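Visitor: Input: one structure, supplied below.
In my numbering, the protein residues as written are 3 to 326.
This is the structure:
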């Protein structure tokens, strides 16, 4: 076991990909000499050269379009979108080309492209630097969508994403970049698309992903002081979602609360609530609740604390569920 931050874990994972896959490369704005604005790619250009760690122009559509062409020629690009709010200029390339070409070619053309996107709030950033766009991509057939919540998952999931032949949107919760955790570097604990039970419980199930897994875990710890035994499940993959552990948990507890930073309207939580209702209707003791960001554009940093789901809002949702 090695203790490291999520930034260091991602850096170490990328380093192993570059060592193991000669056709892999990293490309994005400031990923080379600077090492990325969050320093995730720090030192990689020095060790692997500027032809594999490529500083690109400020042109997200060009980054993804170039990566698609490289993948068609046998390369395995890992792209960085510097901030979540910068991904929208590349949206057409992502949903019209990257997601479609393998199917359009009948599987003859594979596009092993990983698109890394730092996302979410909690860092006091300015406009366009704190967004939660995951639902756009989870809705798009042809794209795999995953998100890590801790250093161990960050280390292994980036390697697993880069090892496959399908395009993967890889969301990294930026407010968790400096969170420390133990990382076993010998073997991954689970499949890339497997959900994870973070904490066992019997009173209710908290379902979260990315930046809100820690919020849910803290809420469960606080609830335990009041005699409530909350189970916490980390989705990890948003497309495809590993449903069976969720179903098993809700059938055991009879109650569920879904937590995410993105707005609630047509968000990941809405899909989770719908599927739990369809599959676990006779086990539910209360409607599936959601604790999400509000249905407004992401606010200025001074209002972040009012916008983001927090421990109190999660526990309020649990209380409402228990009242049924």
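Where a beta carbon is used, it is the ideal one built from N, C-alpha and C, also for glycine.
Keep in mind that this is a model prediction, so the values were computed, not measured.
Since I believe residue 89 is in contact with residue 62 (beta carbons under 8 Å), could you give me their beta-carbon distance rounded to a whole number of angstroms?
Guide: Taking the chain shown and counting its residues from 1, the one referred to as residue 62 is at position 60. Taking the chain shown and counting its residues from 1, the one referred to as residue 89 is at position 87. Right, the Cβ-Cβ distance comes to about 6 Å (below 8 Å), so this counts as a contact.
Visitor: Please state if the CB of residue 149 and the CB of residue 211 are separated by a distance shorter than 8 Å.
Guide: Numbered from its first residue, the chain shown carries residue 211 at position 209. Numbered from its first residue, the chain shown carries residue 149 at position 147. A contact, by the Cβ cut-off of 8 Å.
Visitor: Among 182, 284, 84, 194, which one has its Cα closest to the Cα of residue 257?
Guide: As a working note, residue 257 is residue 255 in the chain shown. The residue with the shortest Cα to Cα distance from residue 257 is 284.
Visitor: What are the partner residues of residue 309, as DSSP defines its beta bridges?
Guide: Numbered from its first residue, the chain shown carries residue 309 at position 307. None, per the DSSP bridge assignment.
Visitor: Which whole-angstrom value is the C-beta distance of residue 28 and residue 80, which I expect to be below 8 Å?
Guide: Counting from one through the chain shown, the residue named residue 28 turns up at place 26. Counting from one through the chain shown, the residue named residue 80 turns up at place 78. Right, their Cβ atoms sit about 5 Å apart.
Visitor: Taking the Cβ atom as the reference point for each residue, do residue 2 and residue 264 lie within a distance shorter than 8 Å?
Guide: Here the chain comprises residues numbered 3 to 326, so residue 2 is not present and cannot be evaluated.
Visitor: Counting Cβ pairs closer than 8 Å, one from the segment 124-138 and one from the segment 216-226, do we hit at least three?
Guide: no
Visitor: Identify whether residue 248 lies in helix, strand or coil by the three-state DSSP scheme.
Guide: For the purposes of this step, residue 248 is taken as the residue at position 246 of the chain shown. Correct three-state label for residue 248: helix.
Visitor: Does DSSP put residue 282 in a helix, a strand or coil?
Guide: For this step, residue 282 is matched to residue 280 along the chain shown. Three-state result, residue 282: helix.
Visitor: Given a threshold of 16 other Cβ atoms within 10 Å of its Cβ, counted over all protein chains shown, does residue 180 qualify as buried or as exposed?
Guide: Taking the first residue of the chain shown as position 1, residue 180 is located at position 178. Classification for residue 180: exposed.
Visitor: By the 10 Å Cβ neighbour count, where 16 or more other Cβ atoms means buried, how is residue 155 classified, buried or exposed?
Guide: On the chain shown, residue 155 is found 153 positions in, with the first residue counted as 1. Buried: at least 16 other Cβ atoms inside 10 Å.
Visitor: Go ahead and pull the three-state DSSP assignment for residue 209.
Guide: Locating residue 209 in the chain shown gives position 207, counting from the first residue. Reduced to three states, the DSSP call for residue 209 is strand.
Visitor: How about residue 69 and residue 185: are their beta carbons less than 8 Å apart?
Guide: The residue given as residue 69 occupies position 67 in the chain shown. The residue given as residue 185 occupies position 183 in the chain shown. Not closer than 8 Å, so no.
Visitor: Quick one: which unbroken alpha helix (DSSP H) runs of 4-plus residues sit fully inside the segment 134-195? Chain order, please.
Guide: 136-140, 153-165
Visitor: Which residues does DSSP pair with residue 232 in a beta bridge?
Guide: Sequence index remark: in the chain shown, residue 232 carries index 230 (1-based). Answer is 206.
Visitor: Tell me, please, which residues DSSP counts as bridged to residue 9.
Guide: As a position in the chain shown, residue 9 is number 7, starting the count at 1. Partner(s): none; residue 9 has no beta bridge.
Visitor: Can you give me the C-alpha to C-alpha distance between residue 325 and residue 316, rounded to a whole angstrom?
Guide: Residue 325 sits at position 323 when you count from the first residue of the chain shown. Residue 316 sits at position 314 when you count from the first residue of the chain shown. If I take the Cα positions, the gap works out to 15 Å.
Visitor: Please return the same chain residues whose Cβ sits closer than 7 Å to the Cβ of residue 271, not counting the five positions on each side in sequence.
Guide: As a working note, residue 271 is residue 269 in the chain shown. Only 260, 262, 292, 294 meet the Cβ criterion.
Visitor: Do residue 123 and residue 306 have their C-beta atoms closer together than 8 Å?
Guide: The residue you call residue 123 lines up with position 121 of the chain shown. The residue you call residue 306 lines up with position 304 of the chain shown. Yes, the pair counts as a contact, with Cβ atoms nearer than the cut-off.
Visitor: Which full runs of the beta strand (DSSP E) of 3+ residues lie inside the segment 88-139, going along the chain?
Guide: 116-121
Visitor: Of the choices 321, 44, 160, whose alpha-carbon is the least far from that of residue 187?
Guide: Translated into positions along the chain shown, residue 187 becomes position 185. It is 160.
Visitor: Kindly confirm or deny that the segment 202-210 and the segment 233-250 touch, where touching means at least three C-beta pairs closer than 8 Å.
Guide: yes
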